[in-house]
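Participant: Per our numbering, the sequence shown starts with residue 62, numbered consecutively.
The C-beta atom is built at its ideal place from N, Cα and C for all residues, glycine as well.
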Amino acid sequence: SYGFYSAESHGTGTFRWTDRHGVIVLDAPAPFVEVTVTANPLAGAAVSRPSSPQEVGLVLDVDGCRVIDERVVSTSPITRTVDVANTSGRAIVETWIDRTYQPSDFGSRDTRRLGMMVRWRFVEHATGADRRCTDASRR
């Protein structure tokens, strides 16, 4: 992987922080992957007043298919379920975010540049509208 930090646990499960750009290759044991991304809550505040955070642009591709391309001002998770049945048992997840936050700039010992939280799980059946890559959604 590149630009993905080690896995961390939280009350809602395991996730990984990204840097500004990240790529990871995942074993795909099921035909669908459910990916959830959450913008770093402090990325927008780090360059603006905390009371009025700026938009943060985030992008998520799965196997070269653009599944998220949004500008957000909140930390509400964004989840997409993607069909990875034809990926030969692997899925490539690639992320970009236009702003990161470095906790050490604000007194923490954590020197990582944190972009977005990413978590995934592979499922046998799509729970939402599954995304199939079309020519229009390929980058």
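Any contact of the region 124-131 with the region 139-155, i.e. 3+ C-beta pairs under 8 Å?
Facilitator: A contact is defined here as three or more CB-CB pairs under 8 Å, and the region 124-131 meets this definition with respect to the region 139-155.
Participant: T136: which of T99, R160 and D80 sits nearest, CA to CA?
Facilitator: T99
Participant: Are the beta-carbon atoms of R81 and V179 separated by less than 8 Å?
Facilitator: no
Participant: Taking 8 Å as the cut-off, decide whether the C-beta atoms of V143 and V96 are in contact.
Facilitator: Yes, they are a contact pair.
Participant: Please confirm whether N101 and G176 have their CB atoms less than 8 Å apart.
Facilitator: yes
Participant: Could you spell out where the beta strand (DSSP E) holding D80 opens and where it closes?
Facilitator: G74 to D88
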